[in-house]
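Asker:
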Amino acid sequence: MMLEAVERVGGIFVITADHGNAEDMVKRSKTGQPMFDKSGNLQILTSHTLSP
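The numbering used here runs 4 ahead of the 1-based position in the sequence shown.
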């Protein structure tokens, strides 16, 4: 649908990607299970960023 609209107006459709961390943004244990903090919230994976 988006590609058709871009082609209709003579535009260029570009797809970019980074190193692929978007599919899993939570910390995982050695067994692969999601890790939770003391409040029961998922621990967010931040090793890919400078933001805490």
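No residue lacks a Cβ here, since even glycine has one placed at the ideal position from N, Cα and C. These numbers come from a predicted model, not from an experiment.
Among all the DSSP beta bridges, which residues are the ones paired with Val18?
Answerer: For the purposes of this step, residue 18 is taken as the residue at position 14 of the sequence shown. Beta-bridge pairing links Val18 to no other residue.
Asker: Identify the residues that DSSP records as bridge partners of Val30: which are they?
Answerer: Counting from one through the sequence shown, the residue named residue 30 turns up at place 26. Looking at the DSSP assignment, Val30 forms a beta bridge with Ile48.
Asker: What residues in its chain sit with their C-beta under 6 Å from that of Met39, if we drop five residues either side in the sequence?
Answerer: As a first step, residue 39 is located in the sequence shown; it is residue number 35 there, counting from the start. Correct list, in chain order: Lys31, Ser33 and Gln47.
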